[in-house]
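Trainee: Numbering (the working numbering), first residue to last: 727 to 918. A virtual CB, placed ideally from N, CA and C, is assigned to each residue, including glycine. Just so we're clear, the structure is a prediction, and the values are computed from it rather than from any experiment. Sharing a structure here in structure tokens format.
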């Protein structure tokens with residue numbers, strides 16, 4: 727098989743254990759495809775050191791997060807130390823070094839939501855999902871996070887599932903919320 731000049735081999739890039747643990751390991755050809763896509767992006771933006779954040783955003787869009795091997799690849803291609811890339815990744819909260827769930831649940835902990843029971847909502851989610859804040863369920867479906875005020879104080883307490891805000895959340899209805907997400911996942915899998 728002939729390789730295009732812009733094709734990058736990734737045999738030396740090893741998958742990290744967390745990816746394997748939650749069942750999200752990419753197949754070799756898909757990994758190669760993702761690294762090739764990232765390589766094309768880097769080539770199109772290279773030459774301007776100020777593009778690191780943009781490249782990291784694109785890489786996170788491709789891979790879903792920024793594991794060590796992706797950071798090392800970016801550093802190598804840009805000719806900068808891995809520590810510089812990692813410093814940017816760990817500084818900005820929009821970047822993640824861990825795989826995220828398909829459903830990212832953000833519980834608002836702003837003052838209005840907190841006073842109206844956001845902590846009880848968070849506790850109910852932790853109990854139901856059997857994870858702590860900042861963690862992802864072993865099946866890779868849910869990631870639980872907290873956020874500060876999202877500007878929907880009149881609907882407190884609120885949470886957002888993949889950015890879709892749900893107001894006046896009752897901790898007693900958490901089971902239904904989780905069930906609906908799982909049902910949506912099941913229906914989606916049956917279509918494929």
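Count Cβ pairs between the region 837–844 and the region 880–892 that sit closer than 8 Å; are there 3 or more?
Mentor: yes
Trainee: Out of 789, 821, 853, which one is the CA nearest neighbour of residue 759?
Mentor: The residue given as residue 759 occupies position 33 in the chain shown. Checked all of 789, 821, 853; the closest Cα to residue 759 is 789.
Trainee: Anyone know if the C-beta pair for residue 768 and residue 804 falls short of 8 Å?
Mentor: To locate residue 768, count along the chain shown from 1; it is residue 42. To locate residue 804, count along the chain shown from 1; it is residue 78. Closer than 8 Å, so yes.
Trainee: Buried or exposed for residue 836, please, with buried defined as at least 16 other CB atoms from any protein chain shown within 10 angstroms of its CB.
Mentor: Locating residue 836 in the chain shown gives position 110, counting from the first residue. The residue is buried, with at least 16 neighbouring Cβ atoms inside 10 Å.
Trainee: Quick check on the burial criterion: 16 or more other C-beta atoms within 10 angstroms. Buried or exposed for residue 827?
Mentor: As a first step, residue 827 must be located in the chain shown, where it is residue number 101. So residue 827 ends up on the buried side.
Trainee: State the Cα-Cα distance for the pair residue 785 and residue 765, rounded to the nearest angstrom.
Mentor: Here the question's residue 785 lines up with position 59 in the chain shown. Here the question's residue 765 lines up with position 39 in the chain shown. Whole-angstrom Cα-Cα distance: 10 Å.
Trainee: Taking only the alpha-carbon atoms, compute the straight-line gap between residue 900 and residue 854 and give it to the nearest angstrom.
Mentor: As a working mapping, residue 900 is identified with position 174 in the chain shown. As a working mapping, residue 854 is identified with position 128 in the chain shown. The alpha-carbon atoms of residue 900 and residue 854 are separated by roughly 8 Å.
Trainee: Let me confirm a value: residue 728 is counted as buried when at least 16 other C-beta atoms fall within 10 Å, else exposed. Which label applies?
Mentor: The residue you call residue 728 lines up with position 2 of the chain shown. Because the pLDDT at residue 728 is just 45, under 50, the model does not fix this residue reliably, and the value given afterwards should be weighed accordingly. Residue 728 is exposed by the Cβ-count criterion.
Trainee: Could you tell me if residue 817 is buried or exposed, where buried requires 16 or more neighbouring beta carbons within 10 angstroms of its beta carbon?
Mentor: Locating residue 817 in the chain shown gives position 91, counting from the first residue. By the 10 Å Cβ count, residue 817 comes out exposed.
Trainee: How many angstroms separate the CA atom of residue 891 from the CA atom of residue 856?
Mentor: The residue given as residue 891 occupies position 165 in the chain shown. The residue given as residue 856 occupies position 130 in the chain shown. The alpha-carbon atoms of residue 891 and residue 856 are separated by roughly 22 Å.
Trainee: Quick one: give me the first and last residue of the beta strand (DSSP E) that residue 890 is part of.
Mentor: Translated into positions along the chain shown, residue 890 becomes position 164. Here the beta strand (DSSP E) through residue 890 covers 890–892.
Trainee: Under a three-way DSSP split, which group does residue 857 fall into?
Mentor: Residue numbering aside, residue 857 sits at position 131 when the chain shown is read from its first letter. Here residue 857 sits in coil by DSSP.
Trainee: Taking its Cβ as the centre, do 16 or more other Cβ atoms sit within 10 Å of residue 738, making it buried, or is it exposed?
Mentor: Indexing the chain shown from 1 puts residue 738 at position 12. A caution first: residue 738 carries a pLDDT of 44, below 50, which makes its placement in the model too unreliable to give a value.
Trainee: Per DSSP, what are the beta-bridge partners of residue 830 in this structure?
Mentor: One-based indexing of the chain shown puts residue 830 at position 104. Looking at the DSSP assignment, residue 830 forms a beta bridge with 869.
Trainee: Considering Cα atoms alone, identify which of 858, 808, 793 is closest to residue 824.
Mentor: Locating residue 824 in the chain shown gives position 98, counting from the first residue. That would be 793, whose Cα lies nearest to the Cα of residue 824.
Trainee: Return the residue from the list 796, 847, 773, 910 that minimises the CA-CA distance to residue 873.
Mentor: Here residue 873 is taken as the residue at index 147 of the chain shown, counted from 1. Ranking 796, 847, 773, 910 by Cα distance to residue 873 puts 847 first.
Trainee: If you follow the alpha helix (DSSP H) that residue 921 is part of, which residue opens it and which one closes it?
Mentor: The requested residue 921 does not occur in the structure, where the chain is confined to residues 727 to 918.
Trainee: According to DSSP, is residue 801 helix, strand or coil?
Mentor: What you label residue 801 is simply residue 75 of the chain shown in a count that begins at 1. Three-state result, residue 801: helix.
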